[in-house]
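The sequence shown maps to residues 65 to 399 in my numbering. Backbone N, C-alpha and C define an ideal beta-carbon position, used for all residues, glycine too. Inspection log for the structure reproduced underneath, given as structure tokens.
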Amino acid sequence: MNKSIFLNLLAKHSAGTLTEKEKIRLEKAIDENPYYRSIYTEFQYYISQKSTVEMDVEAKLEEIWLKIESEMPVPEISIAPKRIVPMWMKVASVVLVLIGAGFFLRQYTQSKPELYTQSISTADEKLFLTLDDGTQVWLNEHSTLEYNENFGSEKRELRLTGEAFFDVAHNAQIPFRVHSQTVDVTVKGTAFNVNAKEKDKVEVALLRGLVAVTSKQLKNKEILLHPNQRLTMQNGEKLALDTIIKPQIAENADTIPKDVKWTNSQLNFNREKLVNLAKLMENRYGVQITITNEKLKSQRFTGSITDESLAEMLEALRLSYPFEYEISNKKVIIR
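Next up, the structure:
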């Protein structure tokens with residue numbers, strides 16, 4: 065269990081909204097990890113000192129985390145892959161769907177010498193998150209994203225089981241690569257979808273930019289995709305290269321390519337900065353958002369988006385942290 069999931073479970077614990085399954089996960093993490101146990105003990109003491117919690121629970125949890133971190137080193141934990149979820153984005157983005165987890169995990173254990181130390185996953189929900197390099201990710205149900213602690217500083221390579229959509233941050237010095245069971249995808253642009261749910265069959269659909277697809281069986285053969293192309297491969301061989309629908313604004317569901325339609329549903333987010341959520345809303349609602357308050361840009365929020373309108377979404381956010389906003393046609397100003 066990584067930091068964000070643990071702190072999210074603690075926040076839900078304090079609010080009394082943990083499910084039975086989440087309660088078991090939290091208790092197991094506290095019991096097995098002395099570092100997490102220290103965080104929990106400190107937080108329980110804080111709660112016991114107040115009749116009502118006067119400050120942002122998530123901010124307090126982050127404060128306690130930093131305090132404990134300065135007093136004792138974080139143990140290096142090899143986190144086993146679990147599962148997670150994503151959503152559709154009209155701008156620079158990437159979507160990956162990988163092959164069955166069971167076979168993949170056996171393959172990974174036997175042949176992958178490099179150990180991925182970070183793992184993010186979920187079961188029956190979709191998750192929006194921002195990686196350290198600024199790349200935004202929509203992780204689909206029953207999917208897992210694995211990467212190393214130095215992700216973004218030395219290299220940007222990750223392994224995906226299931227399905228994910230990426231808005232890749234530009235960095236010409238450090239290429240962005242996604243590894244699946246049967247193919248490796250190198251991002252030379254920004255927006256693509258990889259679907260590898262079926263065994264031995266992979267679909268890569270490019271929305272914008274340029275990607276290079278390399279079959280693990282044909283290491284020396286690289287296939288370049290251009291915008292609005294879909295590559296279908298079976299057993300490492302190219303089956304078809306055809307045209308997909310050009311993406312339109314998010315509100316028109318009929319024009320969204322089938323490859324990324326799954327991203328336009330309920331999406332959870334955990335301690336995401338408002339500036340990142342603004343990008344999410346821009347692509348979901350087809351608007352342009354400007355945040356004039358610099359301090360507000362880094363304010364973090366936790367919640368979910370289902371079928372709310374833009375105004376309902378903004379109202380829900382400002383219940384957690386007050387701000388003013390103005391909507392005019394397709395432009396939003398947040399103060």
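Outcome for residue i when other beta-carbon atoms lying within 10 angstroms are tallied against a minimum of 16
i    : result
T186 : buried
I184 : buried
I69  : buried
Y385 : exposed
Among the options, the one whose alpha carbon lies nearest that of residue i
i    : options                : result
I355 : I103, I397, L381, E346 : I397
E227 : L270, T327, S384       : T327
S362 : E205, T194, K285, E376 : T194
L209 : G198, A375, F229, K219 : F229
A380 : G216, T366, L203, K87  : T366
R382 : T83, L338, L344        : L338
R348 : A375, N357, S102       : A375
Own chain residues within Cβ distance below 7 Å of residue i, not counting five before or after
i    : result
L305 : Q293, L295
A342 : I353, I355
Where the beta strand (DSSP E) through residue i begins and ends
i    : result
V247 : 247-251
E96  : That residue, E96, is in no beta strand (DSSP E); its alpha helix (DSSP H) goes 84-96.
R399 : It is not in any beta strand (DSSP E) - R399 carries neither H nor E in the DSSP assignment.
F230 : 227-231
E213 : Where E213 is concerned, there is no enclosing beta strand (DSSP E), given that its DSSP letter is neither H nor E.
A269 : 265-272
Where residue i sits in the DSSP three-state scheme
i    : result
M136 : The predicted model places M136 with a pLDDT of 46, which falls under 50 and marks its position as unreliable; any figure quoted below should be read in that light. Coil.
E286 : strand
Y385 : coil
E372 : coil
A187 : coil
N332 : strand
Neighbourhood of residue i by C-beta, 8 Å cutoff - its chain only, sequence neighbours within 5 removed
i    : result
D248 : R241, V242, V277, T278, K280
E218 : I238
Endpoints, the alpha helix (DSSP H) within which residue i is located
i    : result
N347 : 338-349
L203 : Run containing L203: none in the alpha helix (DSSP H); it sits in the beta strand (DSSP E), 200-203.
K359 : 358-361
Same chain, Cβ closer than 6 Å to residue i, five either side skipped, listed in chain order
i    : result
N15  : Nothing about residue 15 can be read from this structure; the chain reaches only from 65 to 399.
F333 : F192
Y104 : I94
L331 : M151, K190, F192, I369
G198 : A233
CB contact check: residue i to chain D, cutoff 7 Å
i    : result
D188 : The structure shown contains no chain D; it holds only a single protein chain.
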